[in-house]
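>
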Ligand SMILES: Cc1cc2nc3c(=O)[nH]c(=O)nc-3n(C[C@H](O)[C@H](O)[C@H](O)COP(=O)(O)OP(=O)(O)OC[C@H]3O[C@@H](n4cnc5c(N)ncnc54)[C@H](O)[C@@H]3O)c2cc1C
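Numbering (the working numbering), first residue to last: 382 to 855.
#1: Just the C-alpha distance for residue 842 and residue 836, rounded to the nearest angstrom, thanks.
#2: Less than 6 Å separating the Cβ of residue 532 from some heavy atom of ligand 1?
#3: Return the CA-CA distance between residue 618 and residue 626, expressed in angstroms with no decimal places.
#4: Would you kindly work out how many angstroms separate the C-alpha atoms of residue 414 and residue 567, rounded to a whole number?
#5: Would DSSP call residue 539 helix, strand or coil?
#6: Nearest to residue 465 by CA position, among 565, 732, 743, 809, is which residue?
#7: For residue 482, which residues of its own chain have a beta-carbon under 6 Å away from its beta-carbon, when the five flanking residues on both sides are left out?
#8: Could you pull out every unbroken alpha helix (DSSP H) segment of at least 4 residues lying fully inside the segment 441–506, listed in chain order?
#9: Would you call the segment 707–724 in contact with the segment 683–694, where contact means no fewer than 3 C-beta pairs closer than 8 Å?
#10: Which term fits residue 808, buried or exposed, when burial requires 16 or more other beta carbons within 10 angstroms of its beta carbon?
#11: Please classify residue 546 as buried or exposed, where buried requires at least 16 neighbouring CB atoms within 10 angstroms.
#12: Should the segment 570–587 be called in touch with the segment 635–655, which here means at least 3 C-beta pairs below 8 Å?
#13: Any heavy atom of ligand 1 inside 6 Å of the beta-carbon of residue 637?
#14: Just to confirm the assignment: which complete alpha helix (DSSP H) runs, minimum length 4, are found wholly within the segment 641–722?
#15: In three-state DSSP terms, what is residue 579?
#16: Closer than 6 Å: is that where the CB of residue 391 sits relative to any heavy atom of ligand 1?
#17: Assuming residue 368 is part of the alpha helix (DSSP H), what are its boundary residues?
#18: Can you find at least 3 beta carbon pairs, one from the segment 825–835 and one from the segment 754–772, that sit closer than 8 Å?
#19: Once you ignore the five residues that flank residue 776 on each side, which residues in its own chain have a CB closer than 7 Å to its CB?
#20: If you compare alpha carbons, which of 651, 695, 615, 816 is closest to residue 384?
#21: With a threshold of 6 Å, establish whether the CB of residue 503 neighbours any heavy atom of ligand 1.
#22: Answer with buried or exposed for residue 751, where buried requires no fewer than 16 other C-beta atoms within 10 angstroms of its C-beta.
#23: Determine the extent of the alpha helix (DSSP H) in which residue 726 is found, giving its start and end residues.
#24: Tell me whether residue 738 is buried or exposed, calling it buried when 16 or more other Cβ atoms sit within 10 Å of its Cβ.
#25: Quick check: what's the CA-CA separation for residue 412 versus residue 398?
#26: Ends of the alpha helix (DSSP H) at residue 747?
#27: Under 7 Å between the Cβ atoms of residue 448 and residue 556?
#28: Could you check if residue 540 belongs to the surroundings of ligand 1, using beta carbon to heavy atom distance under 6 Å?
#29: Among 389, 428, 434, 438, whose alpha-carbon lies nearest the alpha-carbon of residue 418?
#30: Would a C-beta distance cut-off of 7 Å place residue 493 and residue 402 closer than the cut-off?
#31: Considering only residues of the same chain and omitting the five flanking positions on each side of residue 654, which have a CB-CB separation below 6 Å?
#32: Residue 662 and residue 715 - do their beta-carbons sit closer together than 7 Å?
#33: Determine, using beta carbons only, whether residue 621 and residue 572 come nearer to each other than 7 Å.
#34: Look up residue 584 in the DSSP assignment and give the residues it is bridged to.
#35: Look up residue 439 in the DSSP assignment and say whether it is helix, strand or coil.
#36: Leaving out the 5 sequence neighbours to the left and right, which residues in its chain are closer than 8 Å to residue 553 when beta-carbon positions are compared?
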């Protein structure tokens, strides 16, 4: 009997496993694939995800494997520099391939004590009052108190639950792969320059010694269950560029669409959904992985609290209440970006207008904060603007604020030196720091770094400690 079974060890599942292990929850991750997926699907980690890595002590490991780039040019690929003074200590994009992130997060989860079994596909589930029975494709049955479907856009768990996934189907599909070419680099460079002058969707760029990454549209929307072949790439290259560049020896080939869908529920009893299992959208802006990892970060401590028995009654339901609107917003901004990439005269006119508007700092900042996840404000009720937002990493007496959040506990930052976490000290840390760079007397942070309370009144603080962290220990 496990506390939590996670279906899928992609970025979302691995992050969730690690978060749960911070609270000693017995976790089993079941991953259908035996080998790690090799294809590269990611441009980078956005600011909020980099902050999460810093909050769990993973920053150095991740930085070693990625490349820092300016945090700009994401919205519909409109080329504008990032506004000055972004509200983060980590105001850059970290270019890092998805397989590397998955590997790092899985390694981290295992170090913390999660069990991960590869080659195990969840095929069926049944829940009752005490838990969930999970059946694998080979008939083996496993039992846990909760199950989380982090099993991607075609989620078996979501389908078994009968959760609706309304939205729009793919209108266009794209082929992407890495392969060797049979022509000299100068010939490729000349063709790429020529294609840049057209409005054709085409990209061919170096991806290692002698290897190129090819991106071309498919001939039509196909049955995505069928993997693409090298011949598909050749044909499309000939149609679009007039030559297939002699491509051969593929490293990997993939196909993706622009379907946009959102699960109508994130929880059915003891089974929850996170990441692509709950939402899919086109990759423009590079937000999907970031969104999934942030779902896991929001869910982890709440599900752990439920398992450990201290969760206030509605805590677990705040997961959907907080994260579904964030996904809705991402779906909408990708819909808008896709329109702005259309080549018709109308969308192109809107694009030119938005490009002009982005010269206004506020517009540029708003769009960037949206894409990078640092503009998110959860609805915790009426209060100052900071309430419900995440707090940036700031200098504190002991070094950096995020350095104090590695264990995934709450934190009271007290500039008055009069407040206390009292009977919640087993769940919430306390830091008296009159020097902290904050213009508020006291701040209560949840384990995900979002501001749950601001003030200097102890009884009011106690109410909020109860709201988020349950009953005091004594
Ligand atoms: C071309 C492209 C570029 C992208 N670029 C970016 C980017 O720059 N930035 C960004 O943030 N996002 C990007 N994305 C999106 C990102 O790849 C996804 O959002 C991300 O992979 C979602 O992570 P996940 O863990 O939720 O799901 P997945 O990565 O799909 O992982 C799900 C896992 O579950 C496993 N699984 C499936 N079914 C079962 C089962 N029945 N039992 C057990 N295991 C199962 C799968 O094998 C898989 O390992 C891009 C996507 C594409 C296609």
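Every residue gets a Cβ at the ideal spot worked out from N, C-alpha and C, and that includes glycine.
On the basis of the data shown:
#1: In the chain shown, counting from the first residue as 1, residue 842 sits at position 461. In the chain shown, counting from the first residue as 1, residue 836 sits at position 455. If I take the Cα positions, the gap works out to 8 Å.
#2: Within the chain shown, residue 532 is the residue found at index 151, counting from 1. Yes.
#3: Counting from 1 along the chain shown, the entry for residue 618 is found at position 237. Counting from 1 along the chain shown, the entry for residue 626 is found at position 245. Their Cα atoms are separated by approximately 8 Å.
#4: Working through the chain shown from its first residue, we reach residue 414 at position 33. Working through the chain shown from its first residue, we reach residue 567 at position 186. The alpha-carbon atoms of residue 414 and residue 567 are separated by roughly 39 Å.
#5: Taking the chain shown and counting its residues from 1, the one referred to as residue 539 is at position 158. Helix, per DSSP.
#6: Indexing the chain shown from 1 puts residue 465 at position 84. Nearest of 565, 732, 743, 809 to residue 465, Cα basis: 743.
#7: Counting from 1 along the chain shown, the entry for residue 482 is found at position 101. 392, listed in sequence order.
#8: 479–492
#9: no
#10: Stepping through the chain shown from its first residue, residue 808 is reached at position 427. That one is buried.
#11: As a working note, residue 546 is residue 165 in the chain shown. Label assigned to residue 546: buried.
#12: no
#13: Position 256 of the chain shown, counted from the first residue, corresponds to residue 637. Yes, ligand 1 has a heavy atom inside 6 Å of this Cβ.
#14: 669–689, 699–722
#15: Here residue 579 corresponds to residue number 198 of the chain shown, with the count starting at 1. In this structure, residue 579 counts as coil in the three-state DSSP scheme.
#16: On the chain shown, position 10 is the one that residue 391 refers to. Yes, since a heavy atom of ligand 1 falls inside the 6 Å radius drawn around the Cβ of residue 391.
#17: Any answer about residue 368 is impossible in this case: the structure gives the chain only from 382 up to 855.
#18: yes
#19: Against the chain shown, residue 776 aligns to sequence position 395. 818.
#20: By 1-based counting over the chain shown, the position of residue 384 is 3. Ranking 651, 695, 615, 816 by Cα distance to residue 384 puts 651 first.
#21: Counting from 1 along the chain shown, the entry for residue 503 is found at position 122. Because some heavy atom of ligand 1 lies under 6 Å away, the Cβ of residue 503 counts as near it: yes.
#22: Numbered from its first residue, the chain shown carries residue 751 at position 370. Residue 751 is buried by the Cβ-count criterion.
#23: Here residue 726 refers to the residue found at position 345 when the chain shown is read from its first residue. Element bounds for residue 726: 726–738.
#24: Here residue 738 refers to the residue found at position 357 when the chain shown is read from its first residue. Per the 10 Å Cβ criterion, exposed.
#25: Taking the first residue of the chain shown as 1, we reach residue 412 at position 31. Taking the first residue of the chain shown as 1, we reach residue 398 at position 17. Roughly 12 Å separates the two Cα atoms.
#26: In the chain shown, residue 747 corresponds to position 366, counting from 1. Residue 747 -> alpha helix (DSSP H) spans 742–753.
#27: Here residue 448 is taken as the residue at index 67 of the chain shown, counted from 1. Here residue 556 is taken as the residue at index 175 of the chain shown, counted from 1. Cβ distance not < 7 Å, so residue 448 and residue 556 don't count as in contact.
#28: Counting from 1 along the chain shown, the entry for residue 540 is found at position 159. It does not: the Cβ of residue 540 is nowhere closer than 6 Å to a heavy atom of ligand 1.
#29: Numbered from its first residue, the chain shown carries residue 418 at position 37. Measuring from the Cα of residue 418, the nearest candidate turns out to be 389.
#30: As a working note, residue 493 is residue 112 in the chain shown. As a working note, residue 402 is residue 21 in the chain shown. In contact: residue 493 and residue 402 (Cβ atoms closer than 7 Å).
#31: Position 273 of the chain shown, counting from 1, holds the residue named residue 654. 530, 539, 644, 647.
#32: In the chain shown, the residue the question calls residue 715 occupies position 334. In the chain shown, the residue the question calls residue 662 occupies position 281. Yes; because the gap between Cβ atoms is below 7 Å, this pair is in contact.
#33: As a first step, residue 621 must be located in the chain shown, where it is residue number 240. As a first step, residue 572 must be located in the chain shown, where it is residue number 191. In this structure, residue 572 does not lie closer than 7 Å to residue 621 by Cβ.
#34: Looking up residue 584 in the chain shown gives position 203. Answer by DSSP bridge pairing, in chain order: 596.
#35: By one-based count along the chain shown, residue 439 stands at place 58. In the structure shown, residue 439 sits in coil (DSSP, three-state: anything other than H, G, I, E or B).
#36: What you label residue 553 is simply residue 172 of the chain shown in a count that begins at 1. So the qualifying residues of the chain are 598, 599, 602, 638, 639.
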